[in-house]
Structures are given as structure tokens and as C-alpha cells.
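Numbering (the numbering used here), first residue to last: 1 to 116. Notes follow once the structure below has been shown.
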């Protein structure tokens, strides 16, 4: 079962929800997905490939346009490059679940019957 759910509002802005997330985490996730991942299935595929390099130690961090993601111990630090929100920590499993759920959302929007 997916933890993260996504939809587009009437102006096509991305909205995110998950159990027990606060406004800061919501802002962090939206900034990360919109500025560093992107709105298309190919974007998340490229990001996951880069993330795997972080997981294997080939890269120290994944640096994007608005955020940096790095592993600290057994957690992922999601940090704003422009101090727009407070840093957020996820377990590695939570972060990868976020990526999987976002990929599923983007894939579902490719279908002709998609309305999300």
C-alpha cells in the first residue's frame, strides 16, 4: 500500500499527502520533486539512477536545483539549498517509498484514462 499520494490541482500544481506529515515536510517533498526530479516518468527514472549511485557510495550526495539529498547513517537528509524550509530526515526505506510512489503517480498519468 502506498504511503504517499499525489494529485494535480485545477492549476496543475502538484499536491502531496501522506499520513502524519507536517507543512515543513510537505514543502520539502514538493520542492524536491518539482525542482530536482521533475514531472515526467523519464525524470524519476533518471533520478533513481542517480540515487542508486548515492546508495552504493559512488556519489556522496544527489545535488539538484533546489535540494541536496544525502545519506547520514541510516537516514536520508533532504536539505534546501536556499533555506526555504527546515531540513527533513527520512529513513532510507521511507525515502525510497516516496520515490516509488511518485514514480507510480507519474506512470498513472501517462494512461489515457488518467485524471490524477
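Where is the CB? At the ideal position from N, CA and C, for every residue including glycine.
Note to self: Counting C-beta neighbours from all protein chains within 10 Å, is the total for residue 82 16 or more, i.e. buried, or is it exposed?
What the structure shows: exposed
Considering Cα atoms alone, identify which of 32, 23, 91 and 16 is closest to residue 62. 32
With 16 other Cβ atoms within 10 Å as the buried cut-off, status of residue 91 = exposed
Note to self: Here's a check: name, in chain order, each residue in its chain whose Cβ is nearer than 6 Å to the Cβ of residue 6, leaving out the five neighbours to either side.
What the structure shows: 16 and 105
Under a Cβ-count criterion, where at least 16 other Cβ atoms within 10 Å of its own Cβ denotes burial, should residue 79 be classed as buried or exposed?
buried
*Could you check how far apart the C-beta atoms of residue 102 and residue 21 are, in whole angstroms? I think they sit under 8 Å.*
Not confirmed; about 14 Å, so no contact.
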